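Asker: When we follow numbering that gives the first Met the number 0, the leftmost residue of the sequence shown carries the number 0, and every step to the right adds one.
By construction, the Cβ of each residue, glycine as well, lies at the ideal position given by its N, Cα and C atoms.
On a predicted model such as this, the values are computed, not experimentally measured, just so you know.
First the structure, which I've put down as structure tokens, then a few questions once you've had a look.
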Amino acid sequence: MSKGQVEEKDLVIEQWKIKRVIKSLDAAKGNGTSMITVIVPQGDDINQIQRKLTDEAGAATNIKSRVNRLSVISAIESTRNRLKTYNRTPPNGLVVFCGTVMTDDGKEKKVTIDFEPFKPINTTMYMCDNKFHTEDLQFLTESDDKYGFLVMDGNGALFGTVQGNDRQILQKISVDLPKKHGRGGQSAMRFARLRLEKRQNYVTKVAELMNHHFLPGGERPNVAGLVLAGSADFKNDLMKSDLLDQRLQAVVLTIVDVAYGGGKGFGQAIEL
């Protein structure tokens, strides 16, 4: 790949990562107002936000509810400690999420996430709430790029694309693969050979359709990235084989396990 292609793929991967982080943060909920969001824009003095947090810690001592008061003070202190690991604001700014969230089973869990955005951020924010605030990070996920998806298991394969909120199923194929044979002797050996041959033919067919849908004309991929998904090892076999064109291998973003095939698996792969 050229340097430009490498940089483009890196950008797509970073956008993919931040989407997953934002989804996780948006789903988090707290008990009380002890979830802190801090955004320090590029060029700002990180010490200013430290002084702001010191003032907020003092104000938090006036919270009437003892439980909420202690939770807020603890979250502020954890945020301050995390900021202390930075001598200065990173070139693109800094984002910190810190606080106590409720798990699905009703237990409390402390969360601290900090990162430098892959693009410069110009927003200043300090929020102490019962949720994390990710609205000012949405610009990091905005893209008109199209992504290709393959959902492949022992029953068939689905080829699809996602572009923004639009998702398209390009093709679905089914396959009837023989199950494992329990008998011994020559019959079992012959059966195993036929089974392996049919699996290989299936993977070959999927590789050909990948070229058809995502490498039209055999020139360059028509998607910014590819996601290979499935509930079996077929997706990994395809990726490791020489059957998948190297130009498509170069834009594979991730390989994910999903519980379903077909349309359900497609939706699950998009959400992961």
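Let me check understanding here. Comparing Cα to Cα, which of L82, N67, Y259 lies closest to N129?
Answerer: For the purposes of this step, residue 129 is identified with residue 130 of the sequence shown, where counting begins at 1. Out of L82, N67, Y259, N67 has the C-alpha closest to the C-alpha of N129.
Asker: Alpha carbons only, please: which of G261, N154, I269, R50 is nearest the one belonging to R166?
Answerer: By 1-based counting over the sequence shown, the position of residue 166 is 167. The shortest Cα separation from R166 among G261, N154, I269, R50 belongs to I269.
Asker: Roughly how many whole angstroms lie between the Cα atoms of V251 and I168?
Answerer: Taking the first residue of the sequence shown as 1, we reach residue 251 at position 252. Taking the first residue of the sequence shown as 1, we reach residue 168 at position 169. Cα-Cα distance, rounded: 18 Å.
Asker: In this structure, how does DSSP classify S73 when only helix, strand and coil are distinguished?
Answerer: For the purposes of this step, residue 73 is taken as the residue at position 74 of the sequence shown. Reduced to three states, the DSSP call for S73 is helix.
Asker: Pick out whichever of T53, F117, P177 has its Cα sitting closest to the Cα of P89.
Answerer: Translated into positions along the sequence shown, residue 89 becomes position 90. Looking at the Cα atoms, F117 is the closest of the given residues.
Asker: Compute the Euclidean distance between the alpha carbons of V205 and E107, then round it to the nearest angstrom.
Answerer: Stepping through the sequence shown from its first residue, residue 205 is reached at position 206. Stepping through the sequence shown from its first residue, residue 107 is reached at position 108. Each residue's alpha carbon lies about 45 Å from the other.
Asker: Kindly indicate the opening and closing residues of the beta strand (DSSP E) around E107.
Answerer: Here residue 107 refers to the residue found at position 108 when the sequence shown is read from its first residue. Taken as a continuous stretch (DSSP letters only), the beta strand (DSSP E) holding E107 covers 107–114.
Asker: Please state whether the Cβ-Cβ distance between L24 and T133 is less than 7 Å.
Answerer: Locating residue 24 in the sequence shown gives position 25, where the first residue counts as 1. Locating residue 133 in the sequence shown gives position 134, where the first residue counts as 1. Yes, these two residues count as a Cβ contact at 7 Å.
Asker: From the DSSP output, in three-state form, read off Y85 for me.
Answerer: Translated into the one-based positions of the sequence shown, residue 85 becomes position 86. Y85: coil per DSSP, three-state reduction.
Asker: When you compare only the Cα positions, how much space is there between D113 and Q41?
Answerer: Residue 113 sits at position 114 when you count from the first residue of the sequence shown. Residue 41 sits at position 42 when you count from the first residue of the sequence shown. Each residue's Cα considered, the two are about 15 Å apart.
Asker: From Q4 to K22, what does the alpha carbon distance come to, in whole angstroms?
Answerer: As a first step, residue 4 is located in the sequence shown; it is residue number 5 there, counting from the start. As a first step, residue 22 is located in the sequence shown; it is residue number 23 there, counting from the start. Because Q4 carries a pLDDT of 49, less than 50, the predicted location of this residue cannot be relied on, and no value is offered for it.
Asker: If you draw a straight line from the alpha carbon of E55 to that of T102, how long is it in whole angstroms?
Answerer: Here residue 55 is taken as the residue at index 56 of the sequence shown, counted from 1. Here residue 102 is taken as the residue at index 103 of the sequence shown, counted from 1. In a straight line, the C-alpha of E55 is about 26 Å away from that of T102.
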